[in-house]
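Enquirer:
There are 2 protein chains.
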Amino acid sequence: MGALVECVANFSEGRQQTVIDSIVGTIDSANGVIVLGAESDPDHNRAVVTFVGPPDRVSDAAYAGIQRAGELIDLERHRGQHPRIGAADVIPFVPLREVGMAETVALARKLGKRVGETLNLPVFLYEQAALQEGNRNLADIRRGGYERLKGRIAVGEPPIPDFGPGRLSSAGGCVIGARNLLIAFNVFLDSPDVAIARAIARAIRQSSGGLPHVKALGLFVKGRAQVSMNLTNYKMTSMRCVVAAIRIEARRLGVKMAASEIIGLLPQDALSEVDVAYLQIENFDQSRVLEHQLANLT
Amino acid sequence: MGALVECVANFSEGRQQTVIDSIVGTIDSANGVIVLGAESDPDHNRAVVTFVGPPDRVSDAAYAGIQRAGELIDLERHRGQHPRIGAADVIPFVPLREVGMAETVALARKLGKRVGETLNLPVFLYEQAALQEGNRNLADIRRGGYERLKGRIAVGEPPIPDFGPGRLSSAGGCVIGARNLLIAFNVFLDSPDVAIARAIARAIRQSSGGLPHVKALGLFVKGRAQVSMNLTNYKMTSMRCVVAAIRIEARRLGVKMAASEIIGLLPQDALSEVDVAYLQIENFDQSRVLEHQLANLT
Numbered sequence: 001m002g003a004l005v006e007c008v009a010n011f012s013e014g015r016q017q018t019v020i021d022s023i024v025g026t027i028d029s030a031n032g033v034i035v036l037g038a039e040s041d042p043d044h045n046r047a048v049v050t051f052v053g054p055p056d057r058v059s060d061a062a063y064a065g066i067q068r069a070g071e072l073i074d075l076e077r078h079r080g081q082h083p084r085i086g087a088a089d090v091i092p093f094v095p096l097r098e099v100g101m102a103e104t105v106a107l108a109r110k111l112g113k114r115v116g117e118t119l120n121l122p123v124f125l126y127e128q129a130a131l132q133e134g135n136r137n138l139a140d141i142r143r144g145g146y147e148r149l150k151g152r153i154a155v156g157e158p159p160i161p162d163f164g165p166g167r168l169s170s171a172g173g174c175v176i177g178a179r180n181l182l183i184a185f186n187v188f189l190d191s192p193d194v195a196i197a198r199a200i201a202r203a204i205r206q207s208s209g210g211l212p213h214v215k216a217l218g219l220f221v222k223g224r225a226q227v228s229m230n231l232t233n234y235k236m237t238s239m240r241c242v243v244a245a246i247r248i249e250a251r252r253l254g255v256k257m258a259a260s261e262i263i264g265l266l267p268q269d270a271l272s273e274v275d276v277a278y279l280q281i282e283n284f285d286q287s288r289v290l291e292h293q294l295a296n297l298t
Numbered sequence: 001m002g003a004l005v006e007c008v009a010n011f012s013e014g015r016q017q018t019v020i021d022s023i024v025g026t027i028d029s030a031n032g033v034i035v036l037g038a039e040s041d042p043d044h045n046r047a048v049v050t051f052v053g054p055p056d057r058v059s060d061a062a063y064a065g066i067q068r069a070g071e072l073i074d075l076e077r078h079r080g081q082h083p084r085i086g087a088a089d090v091i092p093f094v095p096l097r098e099v100g101m102a103e104t105v106a107l108a109r110k111l112g113k114r115v116g117e118t119l120n121l122p123v124f125l126y127e128q129a130a131l132q133e134g135n136r137n138l139a140d141i142r143r144g145g146y147e148r149l150k151g152r153i154a155v156g157e158p159p160i161p162d163f164g165p166g167r168l169s170s171a172g173g174c175v176i177g178a179r180n181l182l183i184a185f186n187v188f189l190d191s192p193d194v195a196i197a198r199a200i201a202r203a204i205r206q207s208s209g210g211l212p213h214v215k216a217l218g219l220f221v222k223g224r225a226q227v228s229m230n231l232t233n234y235k236m237t238s239m240r241c242v243v244a245a246i247r248i249e250a251r252r253l254g255v256k257m258a259a260s261e262i263i264g265l266l267p268q269d270a271l272s273e274v275d276v277a278y279l280q281i282e283n284f285d286q287s288r289v290l291e292h293q294l295a296n297l298t
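One line per chain: the protein sequences are A and B, in this order.
So the first sequence is numbered by the numbering used here: it starts at 1 and just counts up by one.
So the second sequence is numbered by the numbering used here: it starts at 1 and just counts up by one.
1. Just the C-alpha distance for A:V58 and A:M101, rounded to the nearest angstrom, thanks.
2. What residues in the stretch 244-268 of chain B have a beta carbon less than 9 Å from any beta carbon of chain A?
3. Ends of the beta strand (DSSP E) at B:L125?
4. Within 7 Å: the Cβ of B:R148 and any heavy atom of the ligand FMN?
5. At the 8 Å Cβ level, is A:L271 part of the contact set with chain B, yes or no?
6. Mind checking the stretch 195-219 of chain B against chain A and listing, in chain order, the residues whose C-beta falls within less than 8 Å of any C-beta there?
7. B:R68: buried (16+ other C-beta within 10 angstroms of its C-beta) or exposed?
8. Going along the chain, which unbroken runs of the alpha helix (DSSP H) with 4 or more residues stay wholly within the stretch 65-122 of chain A?
9. Going by the CB atoms, is the gap between A:L219 and A:H82 shorter than 8 Å?
10. Once you ignore the five residues that flank A:S208 on each side, which residues in its own chain have a CB closer than 7 Å to its CB?
11. In chain B, which residues lie less than 9 Å from A:R240 when you measure between Cβ atoms?
12. Can you name the residues that DSSP bridges to A:I176?
13. With 16 as the cutoff for other CB atoms within 10 Å, does A:Q226 come out buried or exposed?
14. Tell me which residues share the same chain as B:L119 and place their Cβ nearer than 7 Å to its Cβ, disregarding the 5 neighbours each side in the sequence.
15. Determine whether the Cβ of B:K256 lies closer than 8 Å to any Cβ atom of chain E.
16. Can you list, in chain order, the residues of its chain with a C-beta nearer than 7 Å to that of A:S170? Leave out the 5 residues immediately preceding and following it.
17. Please name the residue, chosen from B:N10, B:G2 and B:F185, that lies closest to B:V313 on a Cα-to-Cα basis.
18. Apart from the five residues on each side of it in sequence, which residues of its chain come closer than 7 Å, Cβ to Cβ, to A:M236?
19. What residue range does the beta strand (DSSP E) around B:M236 cover?
20. Please classify B:N180: is it buried, with 16 or more other beta-carbons within 10 angstroms of its beta-carbon, or exposed?
21. Just how far apart, CA to CA, sit B:E98 and A:R136?
22. Cβ of A:G177 within 8 Å of Cβ of A:L121?
23. Any chance you could list the alpha helix (DSSP H) runs of at least 4 consecutive residues sitting entirely within the stretch 202-285 of chain A, in chain order?
24. Just how far apart, CA to CA, sit A:S40 and A:S12?
25. Would you be able to state if there are at least three C-beta pairs under 8 Å between the stretch 104-117 of chain B and the stretch 126-134 of chain B?
26. Quick one: give me the first and last residue of the alpha helix (DSSP H) that A:G25 is part of.
27. Return helix, strand or coil for A:L4, following the three-state DSSP convention.
28. Hey, could you find the ends of the beta strand (DSSP E) B:R143 is sitting in?
29. Quick check on B:D190: does DSSP put it in helix, strand or coil?
30. Which same chain residues, not among the five before or five after B:Y278, have their C-beta less than 8 Å away from its C-beta?
31. Check this for me: beta carbons of A:R205 and A:A216, under 8 Å apart or not?
32. Ends of the alpha helix (DSSP H) at A:A295?
33. So what's B:N53 in DSSP terms, helix, strand or just coil?
34. When the distance is taken between beta carbons, is A:A245 closer than 8 Å to A:D190?
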């Protein structure tokens, strides 16, 4: 037992397996952390590595991963469906056990300072760890991606980094923060028309007046239109509710939901057995369940 | 303690308080039952009386209420927003405690036979108590109301009564059945345009491809457009989810949700304190909670 923090690190490489393996290997070989999962997607051109451990150990492992990603990934040549500003694009810490949000925020800010000062990357603190209101929302920092940020940072226009230089190398910027557990959940349509996925995303996401606690984007992934989501409070707006709303929108637009997938882990109480079928989750098994993974650790 | 059945009787009178009082009084004075609530709505022109008791006592009280309603309500002169075929329009029994669905079905069928033979009303057995598949769904029996039924029953066209005569008196027909607990839940829009309420109902109800376990109609009530719903499995499709979907549809159609109301009772676990605000329920207090009412009985 003891304090346990989760890090769900997002890196901008989902195609070259050797690069992905090198970053995951770097994290996995750090002292005192356990990698619970690593997934990559060639269309997103992105990898997500989930690891847990005592707060300081998780921070050190994240630092090593950020450094490695910066050495291996060149944003000048990066193309992909998913918005991104850097090689180590987003590094959120999540308090899991015997640790509070305040400590997790402190952990994120300390890592941000270290990355900014010693790796010389512009660091943006987001969500609960934000020091500037304009940087609280990831979508605001990441809008227009690396390309837009490069132009803006050069002339001192927002988003303004909290640490590090006011210019970008080809490793881009790094968003670091603390947040509560969320569910990353993607729904595929039976259509390649990304305009439909975007229309559905616009209808259901909170920011345009849709479902509370839902962030959504329309993307083109594996030859299909995808509604890519974060559910930031799955108790208030459940996966079932999101899927029901998407089905209604899809029908209106003449398409069907084809399948769904979970990225990373999800808490046990987010899902019943009945739900797995209703939600058409393609990639579900017990290893997706956070509690199942934690039970194997301790 | 002991076996407890609930009856949620729907009568086609929501305007003349003396008529409503007479029917409620008849039920209330029957032996061994307790009336938990009685509500009427002048726009629906309809009253709902919720009572509980041991199965046979509840059946006797329902019989007395059906008889009284048939004496006092004339369907030839009845006008209202809500679909209906009879004075005692729908009489569903719900197993609450120490009684199974099979027993509740038997109770409904026995009452149906008695009402058909001794009160001389055409009786349609529905939901779990249905003897004909075509009568299982209330909306199919009730489509076109008393007026359509009158023409059809005269020539032997469906819906075919399970008991009683093949003709209608001015008391109309009576739908009797057994079902699981449902939540009757209405959402008001900030518009009098009933076409919008109908469009929203069509978008969200299961029968037209919307939310699972949701039945919905668009009506005009108290000067406002209303989406009138039954949630037949509130654990699978929650009140929150329904409201979230209605808000999305409403926004698309340029209106807002103004408020909501519960008809009858609802189970404690259908609603959290946070929900009452999110759902904008105008008429919520603890007396709406079934468990609260049952705790006061025993």
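Beta carbons are placed, not taken as given, at the ideal position from N, Cα and C, and that holds for glycine.
Expert: On the basis of the supplied data:
1. Along the first sequence, one-based indexing puts residue 58 of chain A at 58. Along the first sequence, one-based indexing puts residue 101 of chain A at 101. Taking the straight line from one Cα to the other gives about 15 Å.
2. A244, A245, R247, I248, E249, R251 and R252
3. Indexing the second sequence from 1 puts residue 125 of chain B at position 125. That run of the beta strand (DSSP E) goes V123 to E127.
4. Ligands are entirely absent from the displayed structure, and the ligand FMN is therefore not among its contents.
5. Indexing the first sequence from 1 puts residue 271 of chain A at position 271. It does not; no Cβ of chain B falls within 8 Å.
6. A203, I204, G209, G210, L211 and P212
7. Looking up residue 68 of chain B in the second sequence gives position 68. Its Cβ being crowded by 16 or more others within 10 Å, B:R68 is buried.
8. 101-114
9. Locating residue 82 of chain A in the first sequence gives position 82, counting from the first residue. Locating residue 219 of chain A in the first sequence gives position 219, counting from the first residue. Cβ distance < 8 Å, so A:H82 and A:L219 count as in contact.
10. Numbered from 1 along the first sequence, position 208 holds the residue referred to as residue 208 of chain A. Hits under 7 Å: R202.
11. Locating residue 240 of chain A in the first sequence gives position 240, counting from the first residue. Here the neighbours are P212, M236, T237, S238 and C241.
12. Along the first sequence, one-based indexing puts residue 176 of chain A at 176. In the DSSP output, where bridge partners are listed per residue, A:I176 has A:I91 and A:L125.
13. In the first sequence, the residue the question calls residue 226 of chain A occupies position 226. By the 10 Å Cβ count, A:Q226 comes out buried.
14. Taking the first residue of the second sequence as 1, we reach residue 119 of chain B at position 119. Result list for B:L119: I66, Q67 and G70, in chain order.
15. Among the protein chains of the structure shown, namely A and B, there is no chain E.
16. Residue 170 of chain A sits at position 170 when you count from the first residue of the first sequence. Only D74, L75 and E76 meet the Cβ criterion.
17. The first residue shown for chain B is 1 and the last is 298, placing residue 313 of chain B beyond what the model contains.
18. Along the first sequence, read from residue 1 onward, the residue named residue 236 of chain A stands at position 236. Same-chain partners within the cutoff: P212 and H213.
19. As a position in the second sequence, residue 236 of chain B is number 236, starting the count at 1. No beta strand (DSSP E) holds B:M236; DSSP gives it neither H nor E.
20. For the purposes of this step, residue 180 of chain B is taken as the residue at position 180 of the second sequence. Under this definition B:N180 is an exposed residue.
21. Counting from one through the second sequence, the residue named residue 98 of chain B turns up at place 98. Counting from one through the first sequence, the residue named residue 136 of chain A turns up at place 136. One C-alpha to the other measures close to 53 Å.
22. Here the question's residue 177 of chain A lines up with position 177 in the first sequence. Here the question's residue 121 of chain A lines up with position 121 in the first sequence. Against a cut-off of 8 Å, the Cβ pair of A:L121 and A:G177 comes out as no contact.
23. 239-252 and 273-278
24. Numbered from its first residue, the first sequence carries residue 40 of chain A at position 40. Numbered from its first residue, the first sequence carries residue 12 of chain A at position 12. So the alpha carbons of these two residues sit roughly 9 Å apart.
25. yes
26. The residue labelled residue 25 of chain A in the question sits at position 25 within the first sequence. Its alpha helix (DSSP H) spans residues Q17 to D28.
27. Mapped onto the first sequence, residue 4 of chain A falls at position 4. Strand, per DSSP.
28. Sequence index remark: in the second sequence, residue 143 of chain B carries index 143 (1-based). Taken as a continuous stretch (DSSP letters only), B:R143 belongs to no beta strand (DSSP E), as it is neither H nor E.
29. Within the second sequence, residue 190 of chain B is the residue found at index 190, counting from 1. Reduced to three states, the DSSP call for B:D190 is coil.
30. Locating residue 278 of chain B in the second sequence gives position 278, where the first residue counts as 1. Cβ neighbours of B:Y278 beyond the five flanking positions: R240 and V243.
31. Mapped onto the first sequence, residue 205 of chain A falls at position 205. Mapped onto the first sequence, residue 216 of chain A falls at position 216. Closer than 8 Å, so yes.
32. One-based indexing of the first sequence puts residue 295 of chain A at position 295. From DSSP, the alpha helix (DSSP H) with A:A295 extends over L290 to L297.
33. The count along the second sequence starts at 1 and reaches residue 53 of chain B at position 53. Reading off the sequence shown, one finds Gly at residue 53 of chain B, where the question assumed Asn. If DSSP states are grouped into helix, strand and coil, B:G53 belongs with the strands.
34. On the first sequence, position 190 is the one that residue 190 of chain A refers to. On the first sequence, position 245 is the one that residue 245 of chain A refers to. Not in contact: A:D190 and A:A245 (Cβ atoms no closer than 8 Å).
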